[in-house]
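Residue numbers for the sequence shown follow our numbering, so the first one is 2 and each next one is one higher. See structure below.
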Amino acid sequence: MRVAVLGATGQLGTDLVAHFAAAGDDVLALGHDDIRVEAADSVRAALGAARPDAVVNTAACHHLGRCEEEPERAFAVNALGARNVARAARELGFANVYVSTDYVFDGRAGRPYTEEDLPRPLSVYGASKLAGEHFTLAASDPVAQAFVIRVSAIYGKVPCRAKGDNFVTMIIRRAREQPQVRVVDDEIVAPPPTAEIARATREIVTAGRPGLYHLACRGSCSWYELTRAIFDLLAIDTPLHRARAADFPGPARRPAYSVLDSRRYHALGRGEMPHWRDGLAKFLSGGAA
Ligand SMILES: NC(=O)c1ccc[n+]([C@@H]2O[C@H](COP(=O)([O-])OP(=O)(O)OC[C@H]3O[C@@H](n4cnc5c(N)ncnc54)[C@H](OP(=O)(O)O)[C@@H]3O)[C@@H](O)[C@H]2O)c1
Numbered sequence: 002m003r004v005a006v007l008g009a010t011g012q013l014g015t016d017l018v019a020h021f022a023a024a025g026d027d028v029l030a031l032g033h034d035d036i037r038v039e040a041a042d043s044v045r046a047a048l049g050a051a052r053p054d055a056v057v058n059t060a061a062c063h064h065l066g067r068c069e070e071e072p073e074r075a076f077a078v079n080a081l082g083a084r085n086v087a088r089a090a091r092e093l094g095f096a097n098v099y100v101s102t103d104y105v106f107d108g109r110a111g112r113p114y115t116e117e118d119l120p121r122p123l124s125v126y127g128a129s130k131l132a133g134e135h136f137t138l139a140a141s142d143p144v145a146q147a148f149v150i151r152v153s154a155i156y157g158k159v160p161c162r163a164k165g166d167n168f169v170t171m172i173i174r175r176a177r178e179q180p181q182v183r184v185v186d187d188e189i190v191a192p193p194p195t196a197e198i199a200r201a202t203r204e205i206v207t208a209g210r211p212g213l214y215h216l217a218c219r220g221s222c223s224w225y226e227l228t229r230a231i232f233d234l235l236a237i238d239t240p241l242h243r244a245r246a247a248d249f250p251g252p253a254r255r256p257a258y259s260v261l262d263s264r265r266y267h268a269l270g271r272g273e274m275p276h277w278r279d280g281l282a283k284f285l286s287g288g289a290a
């Protein structure tokens, strides 16, 4: 399979490139210098030259504050960018995978979100990604099969370029630099390593059943509980205290609960997402790349 990864220099893009290549695919790693998703001519030129069988689009404007300040840019990249790739998929005939987010939900469910749950984004970022999902799925046809894969709280070996870090590496650095650490205990997630997302993404594409998929780890934890597990695994003894999300007001509202249920992926019979504790242990031991 010939696969183009958009956002190839990013946190998830890096692991997608590595995983597809390791599986024997012919991988084209397209960074921001190679393709600007918001520009239809750039998308057509890059993908017309590449002639891929599948495209995985991780390119995003996803810094929450910047999306609130520049909604036009957020929608240009996350929504119209997805539309440009979807149109190219129809013209050129490739499978199109759009990576989306748990932030399409408002966090009120109180139980893991399934693909059937109604989105209700709280932020410009979430709304723009939801629009990108719709453009992607609406263009699906038997050749240009469209997939939307929602992920949440991902962490990889390469820092998230939009945020400059990810939670796991950030909290380890803070624990080494600061006398004590306070972490939010009332936001609940099921954070997966990007290597696990890359592996599952390839399984979803090759299974050939297009549509919407959730990918997250099994179980759930607060950011505080995740930090406790990191400190225990790495024997970090920096004092750790519980905080509330309201103690760290941000530029946009965030869902208080955004655990995603991966059962549609599991039903493909192509593998299972690990428990978040197992994914974390593998990542910290260097085995999740
Ligand atoms: N990080 C998370 O916790 C998280 C959670 C849920 C969902 N997601 C979704 O997962 C995906 C990947 O996230 P990530 O953490 O890997 O992001 P990332 O590290 O910020 O990588 C994004 C990549 O997209 C590129 N890019 C940005 N704007 C672009 C544009 N207009 N045209 C083409 N390329 C562009 C970036 O290049 P430059 O840096 O050079 O601009 C970078 O290579 C995103 O779609 C995001 O919405 C992420």
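Glycine is no exception: its CB is placed at the ideal position from the N, C-alpha and C atoms. Because the structure is a prediction, the values reported are computed rather than measured.
Asked, Found
"State buried or exposed for Glu188, treating a residue as buried only when at least 16 other CB atoms are found within 10 Å of its CB.", "buried"
"Could you check if Ile173 belongs to the surroundings of ligand 1, using beta carbon to heavy atom distance under 7 angstroms?", "no"
"Kindly indicate which residue of Ala257, Pro180, Ser221, Asp16 has the alpha-carbon position closest to the one of Arg245.", "Ala257"
"What are the boundary residues of the alpha helix (DSSP H) that includes Thr170?", "168 to 178"
"Nearest CA to the CA of Lys1: which residue from Ser263, Pro193, His267?", "Not covered by the structure: residue 1. The range shown for the chain is 2 to 290."
"Excluding sequence positions up to five away, which residues of its chain have a Cβ less than 7 angstroms from the Cβ of Gly49?", "Leu93"
"Starting from the Cα of Asp351, find the closest Cα among Gly25, Ala176, Gly209 and give me that residue.", "Since the first residue of the chain shown is 2 and the last is 290, residue 351 is not available in this structure."
"Tell me the DSSP secondary structure of Arg162 in three-state form.", "coil"
"Just tell me which of Ser263, Arg278, Lys164 has its CA closest to the CA of Phe232.", "Arg278"
"For Gly66, name the three-state secondary structure that DSSP assigns.", "helix"
"Which residues share a DSSP beta bridge with Ser148?", "With the sequence shown as reference, residue 148 is identified as Phe, and Ser is not the correct amino acid for it. Answer is Val98, Gly212."
"Looking only at its chain, what residues have a beta carbon closer than 6 angstroms to the beta carbon of Val6, apart from the 5 residues adjacent to it on each side?", "Gly14, Leu17, Val18, Ala30, Val57"
"Could you work out which residue in Gly8, Gly11, Asp26 is closest to Glu204 when comparing CA atoms only?", "Asp26"
"When DSSP labels each residue in this structure, what does Pro72 get in the three-state scheme?", "helix"
"List the residues that DSSP assigns as beta-bridge partners of Pro122.", "Answer is none; Pro122 lacks a bridge partner."
"Can the beta-carbon of Leu213 be found less than 8 angstroms from the beta-carbon of Leu138?", "yes"
"I need the DSSP call for Val44, collapsed to helix, strand or coil.", "helix"
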